[in-house]
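Asker: If you count the sequence shown from 1, position 183 lands on 183 in full-length UniProt numbering, and the numbers rise without skipping.
No residue lacks a Cβ here, since even glycine has one placed at the ideal position from N, Cα and C.
My questions all concern the structure below.
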Amino acid sequence: KETDAVSVTQENLTNFVDQPPWTSSRLFERTQPGVVMGLAWTAMGGAVIFVEAVGRSAEQGSSKPSKGDFKPTGGSLKVTGQLGGVMNESCEIAMTFSRGFIKKQNPNNNYLFESAIHLHVPEGATPKDGPSAGVTLASALLSLALNLNPKPDLAMTGELTLTGKVLKVGGIKEKVIAAKRENLKTLIFPRGNMRDFEELPPNVKEGLDVHFVDDYDQVFKIAFPQQLGAPQGAPQETPDEASQGAPEGVPKGAPNETPEGAPQGGPQEATPGTLGAPSTGSTVVGPQGPPPPPESTGGAPQGPPAAESPLGGPHGPSSPDSTEGAPEERGPLEGPQPEAASQ
């Protein structure tokens with residue numbers, strides 16, 4: 001019996017195998033200041049998330065403080081995106097650390113001390129919790145304050161301490177698979193997760209440039225490679241920009257244009273845009289299913305689940321992951337450090 005020949009292409013594939021279970025979560029084609037990609041674990045597997053950081057001038061919105069605002073010093077920080085208690089603490093840690101870090105890079109840059117900063121982690125309807133977005137949050141703040149684009153096709157995960165140490169997280173397998181699904185080439189993981197990565201199948205690790213780090217200084221050099229050839233804290237200039245010079249009153253190391261009403265030494269407002277795994281020390285996005293295989297020093301997930309849907313669609317509640325031990329007590333950052341106020 002003769003049969004008709006059928007040509008299966010990318011365009012008509014869904015006619016034969018239905019819709020794909022995963023769709024791209026890329027919100028930006030190009031990187032921009034204040035937007036950094038992170039990696040998360042969900043009950044459905046790994047996912048790419050974004051952290052957005054935007055500076056707000058006094059003229060924007062109401063002058064009355066709203067829920068989520070806290071003011072460690074003259075500036076303020078507002079966080080949104082249904083973040084749980086642990087992730088809210090990660091935001092405070094990231095802000096305190098970033099203020100000290102930027103003072104070492106560029107002492108004249110007061111942007112994080114004087115501006116009203118808004119951090120958001122889409123999707124807004126999806127609950128998120130855990131400490132593993134710490135390095136991503138700090139990178140978004142520094143990207144905004146220094147007006148730097150992060151490296152393209154880069155994603156990161158890791159808990160950040162006040163002294164800049166990067167601690168082990170969970171869900172490495174799921175996060176690596178999510179990165180490959182989004183065609184991300186460069187990944188930053190804590191050095192404590194090196195063994196977890198090495199145990200993955202070769203086809204999962206193939207084609208990835210993975211960096212294992214101990215502290216945030218290493219993260220910064222990888223995420224913002226343009227800084228390696230320029231004085232730290234000073235955004236690179238094109239030949240035309242360099243010949244024109246910076247406007248009068250703008251400190252060295254700050255973007256050349258300062259929006260009206262914004263403090264000098266900081267960048268222009270970043271356009272709103274976009275930039276976390278199970279088990280120990282990870283950011284959890286969406287519902288909790290069976291936890292991944294326990295890590296050598298991991299703990300069981302803690303806390304009640306939060307009711308909402310996972311990244312990408314309604315599937316149920318999520319719950320915070322457990323933290324993995326406390327980092328050893330360390331001294332304060334070098335230089336004057338503003339004390340982070342609790343929410």
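Do you know how far the Cα of V213 is from the Cα of I222?
Answerer: Here residue 222 corresponds to residue number 222 of the sequence shown, with the count starting at 1. Here residue 213 corresponds to residue number 213 of the sequence shown, with the count starting at 1. C-alpha separation (whole angstroms): 10 Å.
Asker: By alpha-carbon positions, which one of T96, V121, F113, D215 ends up nearest to G84?
Answerer: As a first step, residue 84 is located in the sequence shown; it is residue number 84 there, counting from the start. Taking only the C-alpha atoms, the option nearest G84 is V121.
Asker: Just how far apart, CA to CA, sit D4 and F16?
Answerer: Here residue 4 refers to the residue found at position 4 of the sequence shown. Here residue 16 refers to the residue found at position 16 of the sequence shown. Each residue's alpha carbon lies about 15 Å from the other.
Asker: Between which two residues does the alpha helix (DSSP H) holding T96 run?
Answerer: In the sequence shown, residue 96 corresponds to position 96, counting from 1. From DSSP, the alpha helix (DSSP H) with T96 extends over 85-105.
Asker: Can you tell me whether DSSP reads V6 as helix, strand or coil?
Answerer: Mapped onto the sequence shown, residue 6 falls at position 6. Here V6 sits in coil by DSSP.
Asker: Cα-Cα, which of E182, F101, P127 is closest to Q82?
Answerer: Your numbering for residue 82 matches position 82 in the sequence shown. If we check each option's Cα against that of Q82, P127 comes out closest.
Asker: Could you compute how far the alpha carbon of V169 sits from the alpha carbon of V6?
Answerer: Counting from 1 along the sequence shown, the entry for residue 169 is found at position 169. Counting from 1 along the sequence shown, the entry for residue 6 is found at position 6. Cα to Cα, V169 sits roughly 47 Å from V6.
Asker: Are the Cβ atoms of L160 and F224 separated by less than 8 Å?
Answerer: Sequence index remark: in the sequence shown, residue 160 carries index 160 (1-based). Sequence index remark: in the sequence shown, residue 224 carries index 224 (1-based). Their beta carbons are not under 8 Å apart, which means L160 does not touch F224 by this criterion.
Asker: Looking only at C-alpha atoms, which of D215, N12, E182 sits nearest to residue 349?
Answerer: This structure leaves residue 349 out entirely; the chain is present only between 1 and 343.
Asker: Which class does V35 belong to by DSSP, given the choice of helix, strand or coil?
Answerer: In the sequence shown, residue 35 corresponds to position 35, counting from 1. Here V35 sits in strand by DSSP.
Asker: So if DSSP puts residue 357 in a beta bridge, which residue, or which two residues, is it bridged to?
Answerer: Residue 357 falls outside the range modelled here, since the chain spans only 1 to 343, and no answer is possible.
Asker: Inspect the beta-carbon positions of N106 and P33 and report whether they are closer than 8 Å.
Answerer: As a position in the sequence shown, residue 106 is number 106, starting the count at 1. As a position in the sequence shown, residue 33 is number 33, starting the count at 1. Cβ atoms of N106 and P33: not closer than 8 Å.
Asker: What is the rounded straight-line gap between the Cα of I49 and the Cα of E2?
Answerer: Locating residue 49 in the sequence shown gives position 49, counting from the first residue. Locating residue 2 in the sequence shown gives position 2, counting from the first residue. Roughly 50 Å between the two C-alpha positions.
Asker: What does the alpha-carbon distance come out to for the pair V36 and V79?
Answerer: What you label residue 36 is simply residue 36 of the sequence shown in a count that begins at 1. What you label residue 79 is simply residue 79 of the sequence shown in a count that begins at 1. If you take the alpha carbons of V36 and V79, they lie about 15 Å apart.
Asker: Since F224 sits in a beta bridge, which residues does DSSP pair it with?
Answerer: Mapped onto the sequence shown, residue 224 falls at position 224. BP columns for F224 are empty, so no partner.
Asker: Can you give me the C-alpha to C-alpha distance between P142 and K103, rounded to a whole angstrom?
Answerer: If you number the sequence shown from 1, residue 142 lands on position 142. If you number the sequence shown from 1, residue 103 lands on position 103. Per the sequence shown, residue 142 should be read as Leu rather than Pro. Using only the alpha carbons, I get a separation of about 11 Å.
Asker: Among the residues of its own chain, which have a CB less than 8 Å from the CB of V204, if the five just before and after it don't count?
Answerer: The sequence position of residue 204 within the sequence shown is 204, counting from 1. K173, V176, I177, K180, listed in sequence order.
Asker: Could you check how far apart the C-beta atoms of G192 and A116 are, in whole angstroms? I think they sit under 8 Å.
Answerer: For the purposes of this step, residue 192 is identified with residue 192 of the sequence shown, where counting begins at 1. For the purposes of this step, residue 116 is identified with residue 116 of the sequence shown, where counting begins at 1. So it is not a contact: roughly 35 Å between Cβ atoms.
Asker: So N109 and A145 are in contact, right, with Cβ under 8 Å, and what is the actual spacing, rounded?
Answerer: The sequence position of residue 109 within the sequence shown is 109, counting from 1. The sequence position of residue 145 within the sequence shown is 145, counting from 1. Indeed they touch by this definition, with Cβ atoms about 6 Å apart.
Asker: Give me, in chain order, the residues of the same chain whose beta-carbon lies closer than 6 Å to that of H211; leave out the 5 immediate sequence neighbours on both sides.
Answerer: The residue labelled residue 211 in the question sits at position 211 within the sequence shown. Here the set comprises I188, I222.
Asker: Locate the alpha helix (DSSP H) running through A116, then write down its first and last residues.
Answerer: In the sequence shown, counting from the first residue as 1, residue 116 sits at position 116. Counting along the chain, A116 falls outside any alpha helix (DSSP H), though it belongs to the beta strand (DSSP E) covering 116-120.
Asker: What is the DSSP secondary structure of A125, counted as helix, strand or coil?
Answerer: The sequence position of residue 125 within the sequence shown is 125, counting from 1. Here A125 sits in coil by DSSP.
Asker: Give me the DSSP bridge partner(s) of T136.
Answerer: The sequence position of residue 136 within the sequence shown is 136, counting from 1. In DSSP, T136 forms no bridge with anything.
Asker: Tell me whether L13 sits in a helix, a strand or coil according to DSSP, three-state version.
Answerer: Within the sequence shown, the letter at position 13 stands for residue 13. L13: coil per DSSP, three-state reduction.
Asker: Can you tell me where the beta strand (DSSP E) with K78 in it begins and where it stops?
Answerer: As a working note, residue 78 is residue 78 in the sequence shown. Note, K78: beta strand (DSSP E), 76-80.
Asker: Does the Cβ of G46 have 16 or more other Cβ atoms within 10 Å, making it buried, or fewer, making it exposed?
Answerer: As a first step, residue 46 must be located in the sequence shown, where it is residue number 46. It is buried - the Cβ of G46 has at least 16 other Cβ atoms within 10 Å.
Asker: What distance in whole Å lies between the Cβ atoms of V135 and G158, which are believed to be in contact at a cut-off of 8 Å?
Answerer: Here the question's residue 158 lines up with position 158 in the sequence shown. Here the question's residue 135 lines up with position 135 in the sequence shown. Confirmed, about 4 Å.
Asker: Is E123 buried or exposed, if buried means 16 or more other CB atoms sit within 10 Å of its CB?
Answerer: Against the sequence shown, residue 123 aligns to sequence position 123. Under this definition E123 is a buried residue.
Asker: Can you look up E52 in the DSSP assignment and give me helix, strand or coil?
Answerer: Reading the sequence shown from its first residue, position 52 is the one you call residue 52. E52 falls in the strand class under three-state DSSP.
Asker: Rounded to a whole number of angstroms, what is the C-alpha to C-alpha distance between A254 and K165?
Answerer: Residue mapping note: residue 254 aligns to position 254 of the sequence shown, counting from 1. Residue mapping note: residue 165 aligns to position 165 of the sequence shown, counting from 1. Bear in mind that the predicted position of A254 carries a pLDDT of just 43, short of 50, making it too unreliable to give a figure here.
Asker: Where does L167 sit, in a helix, a strand or coil, going by DSSP?
Answerer: Translated into positions along the sequence shown, residue 167 becomes position 167. If DSSP states are grouped into helix, strand and coil, L167 belongs with the strands.
Asker: Below 8 Å between beta carbons: does that hold for L119 and V51?
Answerer: One-based indexing of the sequence shown puts residue 119 at position 119. One-based indexing of the sequence shown puts residue 51 at position 51. For L119 and V51, yes; Cβs fall inside 8 Å.
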